[in-house]
């Protein structure tokens with residue numbers, strides 16, 4: 001099944017907004033219904049491909065036949081950009097300027113190498129495409145004609161070593177299928193980002209994804225033990241041991257490279273036994289500050305829950321954690337902040353952690369709310385992107401952004417980003433609702449994930465851009481990183497360069513030039529073009 | 001205090017071998033006393049420095065005066081090579097061919113930058129020097145005149161953030177002093193490699209050190225949250241958050257770069273509260289295989305001890321873990337394999353882990369030996385290098401090497417390296433004693449650390465080289481990494497290049513060329529010169 005071309009996920013799961021939400025949007029944010037009717041896929045006016053027939057023939061030869069090179073309008077539209085709110089708004093408005101020339105579907109590592117050779121010969125850029133879920137402009141290269149290198153045919157579990165607890169996965173494997181294949185042998189990755197239903201293994205690695213159970217299972221980049229990279233200059237293979245002192249860790253150079261250095265064609269990951277027990281529960285804290293302090297104690301001194309998250313006052317009040325109950329808490333001004341803790345593992349070990357963590361949370365001002373809020377969160381954990389579609393449909397604007405920093409900087413970072421978003425959108429005449437949660441904790445710091453909802457304004461993309469840029473500036477100024485788990489893409493690139501520094505960026509560009517001398521891989525994604 | 005110039009550590013801690021060991025060496029290995037008398041430092045015939053007076057003047061200007069540029073014989077000898085057995089044998093034989101032109105002692109990051117500029121202007125290579133404990137030829141560049149860039153004046157604790165639990169340490173800070181400064185504020189790094197008494201923070205980072213408590217505190221590269229690097233092209237600063245999705249992890253590109261990309265001038269590390277309780281105990285397993293299986297269960301399913309190690313049958317029999325008792329176990333052919341487990345933390349949490357781990361170890365065939373073997377190990381944990389000096393003094397050869405792999409490859413790797421060492425040295429007429437332990441465990445694999453003792457042969461360095469190369473070949477063939485925690489240096493470089501692959505090495509050389517266009521930093525260390 002393909003994802004909705006102009007929205008998120010499975011069309012069958014789309015749900016209209018409850019009346020309570022529509023009322024809230026109108027009364028609180030001044031959201032007005034959109035007057036422009038929705039475009040159908042057939043209405044889009046696609047530019048004809050400019051790639052020469054010889055180029056298409058070379059691509060077909062690389063992938064074993066014309067059946068694996070698609071130039072039909074639907075395929076091209078489905079590989080246009082990713083799933084950020086500006087991406088959806090642009091395609092809904094009929095803007096298909098970032099459409100690929102063709103969609104190429106290699107089946108093997110060697111076919112990927114052959115596709116890259118064909119691209120080099122015919123001056124085509126190549127954009128690796130997994131689940132297509134980028135929210136940072138990672139699928140729209142900066143210049144020139146390009147092909148989407150769709151990895152969906154490379155969707156196998158190549159090896160599972162139950163002694164070492166490692167698995168070799170192909171990049172086009174989507175997360176649910178990866179979990180299903182591993183579950184057959186009693187294992188799990190434990191990687192459940194909000195994009196879970198659609199995102200791919202290769203994309204997780206390329207963009208340093210982090211899942212909702214990262215407190216227990218770690219980030220995706222922490223799960224990766226080995227990578228195979230197909231580049232225009234040949235193959236890089238990494239990972240002979242879990243850890244090594246043999247030079248820089250090349251895995252960590254490929255992770256986060258977002259297709260700019262090569263195409264990830266295999267990922268060796270650590271796997272863990274399927275948990276026998278899963279339990280999620282809710283806690284209430286008087287304030288975001290008090291809740292954050294409690295999360296910090298668990299992150300630093302343990303015991304560490306598998307899932308650990310905390311919504312701020314606004315997100316708690318709105319009830320974003322459970323879309324079917326949005327607005328239900330609005331009459332409770334003493335709502336405080338909702339935290340969700342989850343425990344997965346063996347019954348005994350889970351019980352120990354849960355009991356000890358409960359003591360810590362209670363000692364730090366938490367009130368237990370039982371399992372109901374936790375189960376509600378778990379039930380709705382992948383539904384926020386569907387909610388966004390419904391919000392866009394009724395004329396609201398909704399987008400998210402995220403960052404991370406060391407613990408001592410979190411209060412200032414939180415305040416600075418909220419202010420930047422609120423001030424910019426208020427000045428533009430569309431005061432927003434800004435919500436935030438902590439969903440990834442470390443011994444030394446945490447992430448902050450913001451959700452913004454407002455009216456769309458006349459030109460919703462142009463309306464959002466200054467607010468997004470103000471948030472980026474606030475993140476840099478307050479000592480945060482420009483992305484904790486969405487990545488850089490083209491949207492964050494200029495701030496990424498400032499965060500990283502010119503000299504380090506030069507070093508990364510030297511790597512790119514060595515592996516991709518013609519600059520055909522994802523031009524302008526992650527690193528500036530020349 | 002300076003380290004012994006021709007051996008290890010504090011001369012006052014040197015101890016002669018017990019008679020039992022001398023007898024063992026003679027009877028078992030045919031070790032004969034050395035006939036050549038030991039050279040004194042004054043006996044060494046140092047080549048006069050060839051660096052022009054203008055070069056020395058430029059260096060002096062870079063570091064604020066001639067007092068911080070040393071050209072005396074003793075300073076130069078003390079910065080000649082590191083502390084591998086071949087290094088010691090060479091200097092004991094009067095071979096000072098790798099002596100630096102001068103020792104330069106910068107006090108600040110900016111002075112390091114100035115030293116690099118002076119080196120570039122005067123065509124001098126620069127070798128960063130911390131504790132001088134490299135055992136892989138990391139301090140002897142491959143070509144040309146060089147200065148030792150000794151970082152001992154940069155030995156401060158620059159910042160401690162008790163909320164984020166981070167500390168900023170200067171690179172020349174030695175581990176005991178770092179621990180003392182952190183302990184004043186209630187914190188510890190928890191990094192205790194065998195080189196602890198002498199090694200420096202910068203060296204730990206540059207060479208990806210791993211300490212004896214890595215099961216609990218992690219490897220040094222896992223403790224590092226930020227790095228400042230002084231390069232000939234300027235400064236690289238990394239680490240705004242514990243984790244980020246903003247591109248490749250540049251910390252992991254600098255960690256393990258062994259001075260080839262730049263000089264590490266500051267390291268931000270995670271710190272932990274000083275443990276209230278420390279307890280170490282011994283366990284016996286019937287075989288190395290059975291013990292390794294038990295360690296694997298703890299590493300994968302927990303609970304994780306803070307220290308977790310296992311000696312093979314030979315190492316257990318010889319009793320290397322406690323040098324004062326070497327040979328005492330030789331009459332017990334049922335000795336099996338000794339494991340040491342250690343627990344550090346709060347009393348309650350330590351007790352929980354200890355009790356649960358004991359149940360796991362017992363279930364997997366372990367016999368508890370109480371705390372005495374654990375305390376003995378802890379008491380002697382930094383003494384092996386002193387023992388090596390004593391062995392070299394009496395005409396024995398002693399050296400160590402190490403590797404790591406995924407769990408399922410450990411048995412083959414163990415057998416392959418043992419055979420390579422035993423076969424090569426036996427064929428050369430000096431059958432060795434080969435001992436091994438696992439001292440670092442991960443969910444997905446472990447390290448293997450080998451100790452080799454034999455007679456020296458006529459030319460002991462030439463005698464060892466084929467055995468070392470055979471071990472390197474065995475490691476590559478059996479799927480291990482060329483080093484788990486000693487690093488690459490010049491000794492492992494050619495195998496490192498094969499392990500890493502030409503294309504990845506090209507990418508790293510592109511980074512080096514960008515940061516160090518004149519190739520003045522550690523030429524030939526880690527990466528081949530042009």
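Protein chains in written order, with the working numbering: chain A, 1 to 530; chain B, 1 to 530.
Note that the Cβ used here is the ideal one computed from N, Cα and C, for glycine as well.
Just so we're clear, the structure is a prediction, and the values are computed from it rather than from any experiment.
Could you name the residues of the same chain whose beta carbon sits closer than 7 Å to that of residue i, not counting the 5 residues immediately before and after it, in chain order?
{"i": "residue 143(A)", "result": "523, 524, 529"}
{"i": "residue 237(B)", "result": "228"}
{"i": "residue 434(A)", "result": "314, 418, 421, 422, 450, 452"}
{"i": "residue 527(B)", "result": "260, 505, 508, 509, 512"}
Whole-angstrom Cβ separation of residue i and residue j, contact assumed at under 8 Å?
{"i": "residue 255(B)", "j": "residue 239(B)", "result": "Between residue 239(B) and residue 255(B) the Cβ distance is about 11 Å, and since that is not below 8 Å, they are no contact."}
{"i": "residue 408(B)", "j": "residue 163(A)", "result": "4 Å"}
{"i": "residue 503(B)", "j": "residue 124(B)", "result": "Not really, about 32 Å apart at Cβ, beyond 8 Å."}
{"i": "residue 180(A)", "j": "residue 201(A)", "result": "Wrong, their Cβ atoms sit about 13 Å apart, outside the cutoff."}
Does the Cβ-Cβ distance between residue i and residue j come in under 9 Å?
{"i": "residue 148(A)", "j": "residue 96(A)", "result": "no"}
{"i": "residue 342(A)", "j": "residue 297(A)", "result": "no"}
{"i": "residue 260(A)", "j": "residue 513(B)", "result": "no"}
{"i": "residue 17(A)", "j": "residue 387(A)", "result": "yes"}
{"i": "residue 77(A)", "j": "residue 44(A)", "result": "yes"}
{"i": "residue 223(A)", "j": "residue 190(A)", "result": "yes"}
{"i": "residue 246(A)", "j": "residue 481(B)", "result": "yes"}
{"i": "residue 304(B)", "j": "residue 215(B)", "result": "yes"}
{"i": "residue 199(A)", "j": "residue 175(A)", "result": "yes"}
{"i": "residue 284(B)", "j": "residue 338(B)", "result": "yes"}
{"i": "residue 52(B)", "j": "residue 136(B)", "result": "no"}
{"i": "residue 448(B)", "j": "residue 404(B)", "result": "yes"}
{"i": "residue 484(B)", "j": "residue 402(B)", "result": "yes"}
{"i": "residue 501(A)", "j": "residue 188(B)", "result": "no"}
{"i": "residue 436(B)", "j": "residue 312(B)", "result": "yes"}
{"i": "residue 47(B)", "j": "residue 99(B)", "result": "yes"}
Near residue i, what residues of its chain come up, given a Cβ to Cβ distance below 6 Å and the 5 sequence neighbours on each side ignored?
{"i": "residue 118(B)", "result": "58, 59, 62"}
{"i": "residue 152(B)", "result": "172"}
{"i": "residue 150(B)", "result": "103, 105, 129"}
{"i": "residue 75(A)", "result": "103"}
{"i": "residue 221(A)", "result": "208, 255"}
{"i": "residue 289(B)", "result": "none"}
According to DSSP, what are the bridge partners of residue i?
{"i": "residue 404(A)", "result": "447(A), 481(A)"}
{"i": "residue 438(B)", "result": "310(B)"}
{"i": "residue 270(A)", "result": "166(A)"}
{"i": "residue 200(B)", "result": "174(B)"}
{"i": "residue 150(B)", "result": "129(B)"}
{"i": "residue 513(B)", "result": "Per DSSP, none; premise fails for residue 513(B)."}
Relative to the C-alpha of residue i, which candidate in the options has its C-alpha closest?
{"i": "residue 415(B)", "options": "235(B), 272(B), 478(B)", "result": "478(B)"}
{"i": "residue 277(B)", "options": "402(B), 345(B), 70(B)", "result": "345(B)"}
{"i": "residue 456(A)", "options": "376(A), 33(A), 166(A)", "result": "33(A)"}
{"i": "residue 507(B)", "options": "107(A), 48(A), 249(A), 170(A)", "result": "249(A)"}
{"i": "residue 107(B)", "options": "178(B), 170(B), 46(B)", "result": "170(B)"}
{"i": "residue 266(B)", "options": "159(B), 454(B), 125(B)", "result": "159(B)"}
{"i": "residue 428(A)", "options": "29(A), 2(A), 8(A), 9(A)", "result": "29(A)"}
{"i": "residue 476(B)", "options": "495(B), 81(B), 491(B)", "result": "495(B)"}
{"i": "residue 133(A)", "options": "101(A), 83(A), 50(A)", "result": "83(A)"}
{"i": "residue 469(A)", "options": "212(A), 271(A), 424(A)", "result": "424(A)"}
{"i": "residue 90(B)", "options": "67(B), 140(B), 358(B), 131(B)", "result": "140(B)"}
{"i": "residue 31(A)", "options": "471(A), 430(A), 472(A)", "result": "430(A)"}
{"i": "residue 64(A)", "options": "269(A), 115(A), 383(A), 355(A)", "result": "115(A)"}
{"i": "residue 203(B)", "options": "463(B), 497(B), 488(B)", "result": "488(B)"}
{"i": "residue 293(B)", "options": "442(B), 67(B), 3(B), 463(B)", "result": "442(B)"}
{"i": "residue 183(A)", "options": "257(A), 212(A), 273(A), 94(A)", "result": "273(A)"}
Looking only at its own chain, which residues have a Cβ that is under 8 Å from the Cβ of residue i, when we skip the five neighbours before and after it?
{"i": "residue 516(A)", "result": "231, 232, 233, 260, 261, 262"}
{"i": "residue 286(A)", "result": "336, 337, 365"}
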